[in-house]
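2 protein chains.
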Amino acid sequence: MRIEIEWPPWVVEETRRIDKLASQLERMAFVVRLSELNLQHASGGPFAAAVFDRRDHALVAAAPNLVLRSGYAIAHAELLALALAQRVRGVFDLSEDGGSYELVTSAEPCAMCLGAGCWSGITALVCAARAEDVEAIGFDEGPKPVDWRTALADRGIEVTCNVLRDEAVAVLTRYRGAGGVIYNGRATR
Amino acid sequence: MRIEIEWPPWVVEETRRIDKLASQLERMAFVVRLSELNLQHASGGPFAAAVFDRRDHALVAAAPNLVLRSGYAIAHAELLALALAQRVRGVFDLSEDGGSYELVTSAEPCAMCLGAGCWSGITALVCAARAEDVEAIGFDEGPKPVDWRTALADRGIEVTCNVLRDEAVAVLTRYRGAGGVIYNGRATR
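Residue numbers (our numbering), protein chains in the order written: chain A, 24 to 212; chain D, 24 to 212.
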């Protein structure tokens, strides 16, 4: 018994080109580009995320949403990027090595990924599209407390929103326009 | 690039013995027993979960918490049981085949697993220990809305709490007493 999620070859190719991205805008531009490429490859929803080391801005792990391709509802971009970063670093708590890690995501995390962020050991979260942008195209963000940003701050995670929001929203809009699958849980479809 | 989580042999052995469990108490007793066995095997926290088919009460998938063994912070029992059930059934939305699935868990889900439940396609959630029981031994439940049960009901998921609560709390207490690792995110330790 096992679960296994494999990244598509195009993601491996795209991330191999990246070493360090010094500015927050560059890091988000890379993530939004991954979300855009995910439309072309139809691997899942119009979302992507990446974990960077805050000491040297090195890319540690990146992932697009792979729900459709993998067949797992948990295969959201943030959850996958965090898990891959833990595998790469060899620790289930990214803060274990004394480091500091940033999760950059093309949209504010859903309830599941919000929780996953809390358990990951990251110290910063940077988001592009807002929850209302994601909900505007039909996705459900799930049960999140209204004050979720405070909840992260209380757990030592800095939150920055609206970084390249328009660019990320343009990807969401294209996905919806192209008839992309909206794959919430049963009752919300 | 991939992530991979393998179930320990003892879990395979324990679940192989189970076919159908007709009563809710039997299903929960099985799950609490898995959480108890997880202490002996030190694979992770004192938690377990399982997915049952509500049509015939067949066990579809079960998992203990595997955070320590797998090295992934996402390896909570509920998330793993849901993902394995999706693999077994071959769908990322368990309601796709017209079926109805129940997640039975030894403790109320944390924020991450609450979200994972919403995206899984289950129609029922049954819990033993309460959030306050889990927090009493030092675990963080994460940012959950106060009315999380309503949020699940709104998404077509029936919630039942307190089934074999005392038995599940006894496992939590033994874990704490034995000096079990409390592995929350960084800032909460």
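Each residue gets a CB set at the ideal place from its N, CA and C atoms; glycine is no exception.
Query, Result
"Cβ closer than 9 Å: which chain A residues qualify as neighbours of R25 of chain D?", "E27, I28, E29, W30, L107, R110"
"Just mark R110 of chain A as buried or exposed, buried being the case when its beta carbon has 16 or more other beta carbons within 10 Å.", "buried"
"Hey, does D116 of chain D have any beta-carbon neighbour from chain A nearer than 8 Å?", "yes"
"Provide the residue span of the beta strand (DSSP E) that contains F75 of chain A, from first to last.", "71 to 76"
"Among residues of its own chain, excluding the 5 on either side of L102 of chain A, which ones have a beta-carbon nearer than 7 Å to its beta-carbon?", "M135, C136, A139"
"From P69 of chain A to P31 of chain A, what distance separates their C-alpha atoms?", "15 Å"
"Looking at the secondary structure, which residues open and close the alpha helix (DSSP H) in which P32 of chain A lies?", "32 to 39"
"Taking 8 Å as the CB-CB limit, is S129 of chain A close to chain D?", "no"
"Please work out which residues of its chain come closer than 8 Å, Cβ to Cβ, to R188 of chain A, disregarding the five sequence neighbours upstream and downstream, and give them in chain order.", "A151, A152, R153, D156"
"Do the CB positions of F115 of chain A and A191 of chain D come within less than 8 Å of each other?", "no"
"DSSP on A98 of chain A, reduced to helix/strand/coil?", "coil"
"If you scan the stretch 103 to 185 of chain A from start to end, which runs of the beta strand (DSSP E) of 3 or more residues do you find wholly inside it?", "124 to 130, 147 to 152, 181 to 183"
"For L60 of chain A and V149 of chain A, I'd like the C-alpha separation in whole angstroms.", "20 Å"
"Report yes or no: do the stretch 75 to 90 of chain A and the stretch 38 to 54 of chain A share at least 3 C-beta pairs separated by less than 8 Å?", "yes"
"For L60 of chain D, which beta-bridge partners are listed by DSSP?", "Note: L60 of chain D sits in no beta bridge, so no partner."
"Please confirm if M51 of chain D has its CB atom under 8 Å from at least one CB of chain A.", "no"
"Only counting the same chain, and skipping five residues up and downstream in sequence, which positions put a Cβ closer than 7 Å to that of L117 of chain A?", "A108, Q109, Y124, S143, G144, I145"
"With respect to the beta strand (DSSP E) encompassing A191 of chain A, which residues constitute its N-terminal and C-terminal limits?", "It is not in any beta strand (DSSP E) - A191 of chain A instead sits in the alpha helix (DSSP H) that spans 188 to 200."
"Hey, out of D:A45, D:I160, D:T183, whose CA is closest to E131 of chain D's CA?", "D:T183"
"Applying the 10 Å Cβ sphere with the 16-neighbour rule, what's the burial state of L195 of chain A?", "buried"
"Please list the partners that A134 of chain A has in chain D, where partner means a Cβ-to-Cβ separation under 7 Å.", "A134, L137, G138, C141"
"Reducing DSSP to helix, strand and coil, say where V83 of chain D ends up.", "strand"
"What does the Cβ neighbour count give for G203 of chain A, buried or exposed, with the cut at 16 atoms within 10 Å?", "buried"
"List, in chain order, every chain D residue whose beta-carbon is nearer than 8 Å to that of L103 of chain A.", "I26"
"Is it right to say S46 of chain D is buried, meaning 16 or more other beta carbons lie within 10 angstroms of its own, or is it exposed?", "exposed"
"Once the 5 residues before and after A201 of chain D are set aside, which same chain residues still bring their CB inside 8 Å of it?", "L62"
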